[in-house]
Amino acid sequence: MKAVICVLVTLAAVSGASPSPSFLRQEDSRCTDAGKIAEVDRLLFQVDMATFTKVRDAKNPSCLDWSSDGCSHSPDKPSGFDFKPCCRRHDFGYRNAKAQNRCSHNLRKRIDQNLKEDMLRVCGSLSRRWSWPWGKSHRKKCESWAENYYDGVRNWGRGSCGPRVPDKI
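The sequence shown lines up with residues -19 to -1, 1 to 150 when you count with mature numbering (1 follows the signal peptide of the UniProt record, and there is no 0).
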């Protein structure tokens, strides 16, 4: 009898730990076509890198494409500058825009510009960690890498974002 009661108590505790219906509704609302677009745009253009990374690690919502190859055919950390999180967000933008069939010239340019800004923020953080005179030259080297990566995605990234769709007027 005690064993039956223990099993029932355990089942009750486990069932109480399941996601609430409001959480499921939130997941569902972000997985509609409009919800996916809104969530991708929010994660690309409205949240900081720390927030994006936390959401990406949780892969929530699961209906979005979280896959990434880092900085593709370029080093993730050129000269030690960690651009991998920036490249992951860029991949997230391209792959989801492609899946949503909305990779227009303007959206691709915004995603690429966001990559550049993310990398420049990495470079900007160097001035706080490196003392003069090394900080300024180190930051300039980082900024040069960021410009090169940006030029690379502008020149060679077109196919990765999918077939071009017309910009909405």
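By construction, the Cβ of each residue, glycine as well, lies at the ideal position given by its N, Cα and C atoms.
Collapsing the DSSP output to three states places Ser106 in a helix.
DSSP places Asn77 in the uninterrupted alpha helix (DSSP H) bounded by Lys65 to Ala80. For Phe64, the closest of Ser49, Val28 and Cys84 by C-alpha to C-alpha distance is Ser49.
Burial check for Phe33: the Cβ neighbour count within 10 Å reaches 16 or more, so the residue is buried. Secondary-structure assignment with DSSP links Val146 through a beta bridge to Ser85. Looking from the CA of Val134, the closest CA among His54, Arg83 and Leu25 belongs to His54. Boundaries of the alpha helix (DSSP H) around Leu24: Asp14 to Phe26. The Cβ atoms of Val36 and Leu24 sit closer than 8 Å to each other. Three or more Cβ pairs closer than 8 Å define a contact, and the segment 123 to 141 meets that threshold against the segment 88 to 102. With a cutoff of 8 Å on beta-carbon distance, Val21 and Ser85 are scored as not near each other. For Arg83, same chain residues with a beta-carbon under 8 Å away, outside a window of 5 residues either side, are Ile18 and Val146 in chain order. The continuous alpha helix (DSSP H) containing Phe33 extends over residues Met30 to Ala39.
Judged by DSSP in its simplified three-state form, Cys123 adopts helix. DSSP, reduced to helix, strand and coil, places Gly61 within a helical segment of the structure shown. When DSSP states are grouped into helix, strand and coil, Asp46 belongs to the coil group.
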